[in-house]
Each structure stands twice: as C-alpha cells, then as structure tokens.
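Here's the structure, in structure tokens; my notes come after.
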Amino acid sequence: MKVAIIMGSDSDWSVMKSAVDTLRSFDIPFDITVASAHRTPNKVREFVQTSLENGAKVFIAAAGCAAHLAGVVASYTTMPVIGVPISSEPFKGFDSLFSTVQMPPGVPVATMAVNGAKNAALFAVQILAVANEDIQKKLVDYRAKMEAEVEKKAENLKKVVSEN
Ligand code: RP5
Numbered sequence: 033m034k035v036a037i038i039m040g041s042d043s044d045w046s047v048m049k050s051a052v053d054t055l056r057s058f059d060i061p062f063d064i065t066v067a068s069a070h071r072t073p074n075k076v077r078e079f080v081q082t083s084l085e086n087g088a089k090v091f092i093a094a095a096g097c098a099a100h101l102a103g104v105v106a107s108y109t110t111m112p113v114i115g116v117p118i119s120s121e122p123f124k125g126f127d128s129l130f131s132t133v134q135m136p137p138g139v140p141v142a143t144m145a146v147n148g149a150k151n152a153a154l155f156a157v158q159i160l161a162v163a164n165e166d167i168q169k170k171l172v173d174y175r176a177k178m179e180a181e182v183e184k185k186a187e188n189l190k191k192v193v194s195e196n
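Numbering-wise, the sequence shown is residues 33 to 196 according to our numbering.
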C-alpha cells in the first residue's frame, strides 16, 4: 500500500517536504515526482499509471497557479486524490485553491488548505488506515501525542501568565 505524490514543480518542494516527513513518520512507502498538468501532461498520465502498477492506493497532487494537476490526476484513476493548492504570486493561493477544489460533479478531489501538505499526508494515512489496523493504531498514538503537547502548552502558558 503506497502513496504517490506528484508536484507541479520542484518549487513546490519546500511546502511538500512536510508531507514526505509525515508519511515517513508513519512508515508509509511513497513514490514522488515532478510532473505538470500543463507542461508535461503525458508524464502525469504515465506517472499515475506506473504508480498504480506499483501499488499506489492514494494520490497527493500539489500545484500552484492555475492548479489543474489534482483534477487531471483524478481523471486518470478511481483511487482517492488529495489536492494541495500551493500558494503563489500574485493571488497567494486563491487561484490554486479554486482550481483544485472546484471539481465538476463525478470526479472528486479532496482539497486541503492552501499549503496543507501535512494534512494531505495525514489524510492519506487515514485512508490507508481504513483497511489496516496497525496504521489505525499509529494514528491513535499520533493524536494522543498531539493532545499531550497541547496540554503541555496550556500548562506552560499558565506558568507564564502567573509570572507576569
Ligand atoms: C505550478 O506553477 C507549480 O505547481 C508551481 O506551484 C507553479 C510555479 O511553477 P515554477 O514556475 O516554479 O516551475 O504549475
């Protein structure tokens, strides 16, 4: 069970690195490449096909500007596709958000927040966890750790406030 990540450009890597880090922290194998819906449409189709042959069950597609990548990926597979709109100039990600989220009925893309790479990876992990109890346990542990961290922050804040 693999995740396939596709980015419209290498300039998306600074945002998408956190998706890779997150997948690694759950020991989820992944394939990753740069391919563009507009600049290299044939490569997008080929990467989707090869990823499916290699066991990809979820796709994450990240792109900025007129971000049609996630939608195009979704047109080539019935596996779930998670879109990450990347913030770019001059519209700060509004353009990529709308291009990614406004899919026509029939071909859905699960669109994350602008630059929401970490949640894209977590959502991919959650999809894989539906049929895998080990991954499900890791997600429960992840949430417990997050809860403990927030509690620690609340305790620290209490201390800071009492000292000021
Ligand atoms: C999109 O255009 C890419 O996903 C990237 O976010 C944006 C700019 O690409 P580069 O000009 O940096 O290659 O297709």
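Heads up, the beta-carbon is just placed ideally off N, CA and C, and yes, glycines get one too.
Asked: Three-state secondary structure assigned by DSSP to residue 182; Found: helix
Asked: Coil, strand or helix - residue 103 by DSSP; Found: helix
Asked: CB of residue 113 within 8 Å of CB of residue 157, strictly; Found: no
Asked: Residue 62, DSSP secondary structure in three states; Found: strand
Asked: Contact under 8 Å by Cβ, residue 147 with residue 47; Found: yes
Asked: Integer Cβ distance of residue 96 from residue 120, believed to fall under 8 Å; Found: 4 Å
Asked: Length of the line joining the Cα atoms of residue 110 and residue 56; Found: 25 Å
Asked: Cα-Cα separation between residue 63 and residue 168, rounded to whole angstroms; Found: 22 Å
Asked: Heavy atom of ligand 1 within 7 Å of residue 53 beta-carbon; Found: no
Asked: Residue span of the alpha helix (DSSP H) that contains residue 133, given as start and end; Found: 126-133
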